[in-house]
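For reference, the structure discussed in these notes is given below.
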């Protein structure tokens, strides 16, 4: 019975790809598909948001640019399909393939392309806002739940959120930071859930998802800059001593500060490693899934039979990869948080534990209040 | 490559959005959540500890009760054994007392019998002496019917008195 089902499914998929092939052939205006373009369109940012089953229309998003004569604000629908748009005295266009600003908004002035300060709500920025709203909503909800029901464990959705929360809080933050964990947990947990939500939203194919946000260097860069600030701003004396006057033979640090230079270099390589790791992992995942999907169309262009076979195989593999990417989404968020925790923890070695006692006293008092 | 050149606009919005999210959560959400999570963990730990203590106490109480019951059983057995011993002792005492009493009664009886025997002997002796006297009187009476025999006797008696004086 299962075997028959599998055969039927295979046939159905093959016939679907035939249809795709046929429609592609009948569409006289469409040229050969360009996989590279499709892949990069997905991986990179855009001024509109793709709609399923439509290659020509996008969900328009606001364009905000600070051009040579001031602020301009208009809908990205006006720039679709390479149209020029004149707003006030300035002419804007999305730069073409031959320009060095390919795919970005440029101001046309005396035949030259000038890149204005671009604060547009692009696809990625919009996805960022959606993520912020989601994460904020979830945790304000959780906080209000806790305010209403003291010591009651949430169920279902909030319970799942709290399960992941304790996984990170009790599993990573507390063992590494110890008495400092209450101080840094807000930042670390925000980062964790922020990255996790962005990663998972990126795997959803249609509208609120699909943006390759964590696979964008700008996003991961900002996150690791935040970790860098959190590490160095609150570091203790011991940390700075280890950097500028480490416990090494004198000749390694006195006339020529070799070790301090290496240590200072290390300060910056840590966040750099964070940036690149998250970026490369997420971008790679997106790239593999979309490439596997595109294989169908590439093979269909060669021959319908090859297309039919490729459909089955790439569908199987892209589902497999998507599932792996769900895992990777979690792992990458976890790894980023764990490394941030360790970096912050390294900046807080050799510290007294007086804060812990104050905190513990408070909690104990609260518990006795509840129990009595 | 555009992939590796971070976009200024996105960096700007990322800073703003992440900053706002972090500040809001840091101020309003995380303190509540973390406090509750920590306190609840502590509460659960305390609860487990409490339950363990309670179980231990219950076990202790049960063990104590068992020792009490054992003690009571032992005491009961002791009391029973004591009672048994006392019973035999009492019987023994009674028996010996009865024996003593019986001996006494027997001795009394023996004495009485002896007394009666003595009395009977005395009576018998008295009767025998009476009979002997009567017989002797009769014999003397028969002998003294002759005069010379009377004289002879008086003479001998007188001689005897004279010798004494």
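Chains as they are written, first to last, in this note's numbering: chain W, 1 to 372; chain Z, 1001 to 1165.
We put the beta carbon where it would ideally sit given N, CA and C, even for glycine.
| Query | Result |
| --- | --- |
| Considering only residues of the stretch 304 to 356 of chain W, which uninterrupted alpha helix (DSSP H) runs meet the minimum length of 4 residues and lie entirely inside it, listed in chain order? | 304 to 346 |
| Run the CB neighbour count on residue 1067 (chain Z), radius 10 Å, all protein chains shown included, and call it buried at 16 or more, exposed below. | exposed |
| Whole-angstrom Cβ separation of residue 1009 (chain Z) and residue 118 (chain W), contact assumed at under 8 Å? | 4 Å |
| Go ahead and label residue 42 (chain W) buried or exposed: buried means 16 or more other beta carbons lie within 10 angstroms of its beta carbon, across all protein chains shown. | buried |
| Could you give the DSSP three-state label for residue 389 (chain W): helix, strand or coil? | Since the first and last residues shown for chain W are 1 and 372, residue 389 (chain W) lies out of range. |
| Do residue 46 (chain W) and residue 123 (chain W) have their C-beta atoms within less than 9 Å of each other? | yes |
| Alpha carbon to alpha carbon, how far is residue 1099 (chain Z) from residue 1113 (chain Z)? | 20 Å |
| Taking only beta-carbon positions, decide if residue 132 (chain W) is within less than 9 Å of chain Z. | yes |
| Quick check: the Cα distance between residue 215 (chain W) and residue 188 (chain W), rounded to an integer number of angstroms? | 20 Å |
| Along the stretch 165 to 183 of chain W, what residues have a CB closer than 8 Å to any CB found in chain Z? | 165, 166, 169, 170 and 182 |
| Let me confirm a value: residue 378 (chain W) is counted as buried when at least 16 other C-beta atoms fall within 10 Å, else exposed. Which label applies? | Limits of chain W in this structure are 1 at one end and 372 at the other, which puts residue 378 (chain W) out of reach. |
| Determine, for residue 1064 (chain Z), whether the minimum Cβ-Cβ distance to residues of chain W falls below 9 Å. | no |
| Is it right to say residue 228 (chain W) is buried, meaning 16 or more other beta carbons lie within 10 angstroms of its own, or is it exposed? | buried |
| Between residue 223 (chain W) and chain Z, is the shortest Cβ-Cβ distance under 9 Å, so that the two count as touching? | yes |
| Does any CB atom of chain W fall closer than 9 Å to the CB of residue 1037 (chain Z)? | yes |
| Which value, in whole angstroms, describes the spacing of the CA atoms of residue 89 (chain W) and residue 142 (chain W)? | 50 Å |
| Per DSSP, which residues does residue 66 (chain W) bridge with? Please list them. | W:71 and W:117 |
| How do the stretch 287 to 304 of chain W and the stretch 318 to 330 of chain W stand: do at least 3 beta-carbon pairs fall below 8 Å, yes or no? | yes |
| Could you please tell me which residues of the stretch 137 to 149 of chain W, in chain order, have their CB closer than 7 Å to any CB of chain Z? | 139, 140, 142, 143, 146 and 147 |
| Measuring CA to CA, which of W:205, W:230, W:237 and W:61 is closest to residue 322 (chain W)? | W:205 |
| By the 7 Å beta-carbon criterion, what residues does the stretch 43 to 66 of chain W contribute toward chain B? | Among the protein chains of the structure shown, namely W and Z, there is no chain B. |
| Measuring alpha carbon to alpha carbon, tell me which of W:197, W:113 and W:181 ends up nearest residue 137 (chain W). | W:197 |
| Which residues, in chain order, does the stretch 198 to 226 of chain W contribute to contact with chain Z at a C-beta distance below 8 Å? | 216, 217, 218, 219, 221, 222, 223 and 226 |
| From Z:1055, Z:1058, Z:1131 and Z:1040, pick the residue whose C-alpha is nearest to that of residue 151 (chain W); which is it? | Z:1040 |
| So, residue 84 (chain W) versus residue 60 (chain W), is the Cβ gap smaller than 9 Å? | no |
| Counting only Cβ-Cβ distances shorter than 8 Å, please list the residues of the stretch 115 to 129 of chain W near chain Z, keeping chain order. | 117, 118, 119, 120, 121, 122, 124, 125, 128 and 129 |
| Could you pull out every residue in the same chain whose Cβ sits closer than 7 Å to the Cβ of residue 77 (chain W), ignoring the five residues on either side in sequence? | 60 |
| List, in chain order, every chain Z residue whose beta-carbon is nearer than 9 Å to that of residue 189 (chain W). | 1025, 1030, 1033 and 1034 |
| Residue range of the beta strand (DSSP E) that residue 85 (chain W) falls in? | 85 to 87 |
| Should residue 28 (chain W) be flagged as near chain Z, meaning a C-beta pair shorter than 9 Å? | For residue 28 (chain W), the predicted model reports a pLDDT of 38, less than 50, meaning its position is unreliable; a value from the coordinates is still stated below. Closer than 9 Å: no. |
| Looking at chain W, is there any beta carbon in it that lies within less than 9 Å of the beta carbon of residue 1051 (chain Z)? | no |
| So, under 8 Å CB-CB, residue 33 (chain W) and residue 297 (chain W) are touching, yes? Tell me the CB distance rounded to an integer number of Å. | 5 Å |
| Under 9 Å, Cβ to Cβ, is there at least one residue of chain W near residue 1058 (chain Z)? | no |
| Could you tell me the alpha carbon to alpha carbon distance between residue 62 (chain W) and residue 253 (chain W), rounded to whole angstroms? | 54 Å |
| For residue 1011 (chain Z), go through chain W and note every residue whose CB falls closer than 8 Å to its CB, in chain order. | 218, 221 and 222 |
| Take the Cβ of residue 146 (chain W) as the centre, count every other Cβ of all protein chains shown within 10 Å, and call the residue buried at 16 or more, exposed below. | buried |
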